[in-house]
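Chains A and B, in that order, give the protein sequences.
If you number the first sequence the way our numbering does, the last residue is 115 and the count never jumps.
If you number the second sequence the way our numbering does, the last residue is 173 and the count never jumps.
Just so you know, even glycine gets a beta-carbon here, dropped at the ideal spot from N, CA and C.
Quick caveat, the model's predicted, so the values are computed rather than measured.
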Amino acid sequence: AQKVTQAQTEISVVEKEDVTLDCVYETRDTTYYLFWYKQPPSGELVFLIRRNSFDEQNEISGRYSWNFQKSTSSFNFTITASQVVDSAVYFCALSNQGGKLIFGQGTELSVKP
Amino acid sequence: SAVISQKPSRDICQRGTSLTIQCQVDSQVTMMFWYRQQPGQSLTLIATANQGSEATYESGFVIDKFPISRPNLTFSTLTVSNMSPEDSSIYLCSVELAGPTLRETQYFGPGTRLLVL
């Protein structure tokens, strides 16, 4: 069975701190995809990144970086120098080639000024 | 990317009534999905909307309660039937866009916030 675990329910940091959101996944598929989405208070779900199971190269996009490690089945997300606008619920998700997304429970990040 | 719109954006309904939610995309789409997000919870897939045929429902969701239509590639509707307060949720449509680099990534609409009294 496929499963995504985000053990951190809530995280609170002060602006300019770095913060890492953890994501651990379970799947028996050899081909799969991992995602991070951001859900601000307005409710829409914003796509941040997709990673393929055969591509373990880490990625950096501005203040955002992602660390994909198949050996530990983890796909962690780091925000450097956090800002108040980063406050949101962040979801990690997993899919195989069938299209169904399996979401973690989400981590609510609060960045205080 | 694409513009994905949902109507209505929010609604308050009485129990026992039904509400139809529309999802429209302005780009070519390969797949369309409907998800439910109950208050304070994560997202759960309701069904895959198939063009011109019956939707494919996930375990726990049935066509009588959540009928879905997809008459063309870029439009789909989800009906929440015979509503009860437990149906109060955000309903989101998502799409996979056509194109070799866009496959296997789902983009979401803004969601429909439903409150059932």
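* Taking Cβ positions only, does Thr-175/B come closer than 7 Å to chain A? -> The requested residue 175/B does not occur in the structure, where chain B is confined to residues 57 to 173.
* **Unbroken beta strand (DSSP E) run spanning Pro-141/B, endpoints** => No beta strand (DSSP E) holds Pro-141/B; DSSP gives it neither H nor E.
* Asked: Thinking C-beta only, is Arg-71/B closer than 7 Å to Ser-145/B?
  -> no
* Figure out for me which residue from Phe-122/B, Pro-166/B and Leu-99/B has the closest Cα to the Cα of Leu-48/B. => Past the boundaries of the shown model lies residue 48/B; chain B is included only from 57 to 173, so the question cannot be answered.
* **Interface partners of Arg-169/B on chain A, CB under 9 Å** => Gly-45
* Can we say the region 128-136 of chain B touches the region 8-28 of chain A, given the rule of at least three CB pairs closer than 8 Å? -> no
* Asked: What separation, rounded to the nearest whole angstrom, lies between the Cα atoms of Ile-81/A and Ser-63/A?
  -> 10 Å
* If you pair each beta-carbon of the region 79-92 of chain B with each one of the region 52-66 of chain A, do three or more pairs fall below 8 Å? -> no
* Asked: Is the Cβ of Leu-36/A closer than 7 Å to any Cβ of chain B?
  -> no
* Can you grab the Cα-Cα spacing for the pair Trp-68/A / Lys-18/A, in whole Å? => 18 Å
* In chain order, what residues of the region 138-151 of chain B put their CB closer than 8 Å to some CB of chain A? -> Ile-146, Leu-148 and Ser-150
* Measuring alpha carbon to alpha carbon, tell me which of Val-151/B, Ser-57/B and Ala-111/B ends up nearest Cys-79/B. => Val-151/B
* Would you say Ala-83/B reaches chain A, if we count a Cβ-Cβ gap shorter than 7 Å as a contact? -> Strictly speaking, residue 83/B in this sequence is Ser, with Ala absent from that position. Not an interface residue.
* To do: Examine chain A for any beta-carbon lying closer than 7 Å to the beta-carbon of Ser-98/B, and answer yes or no.
  => yes
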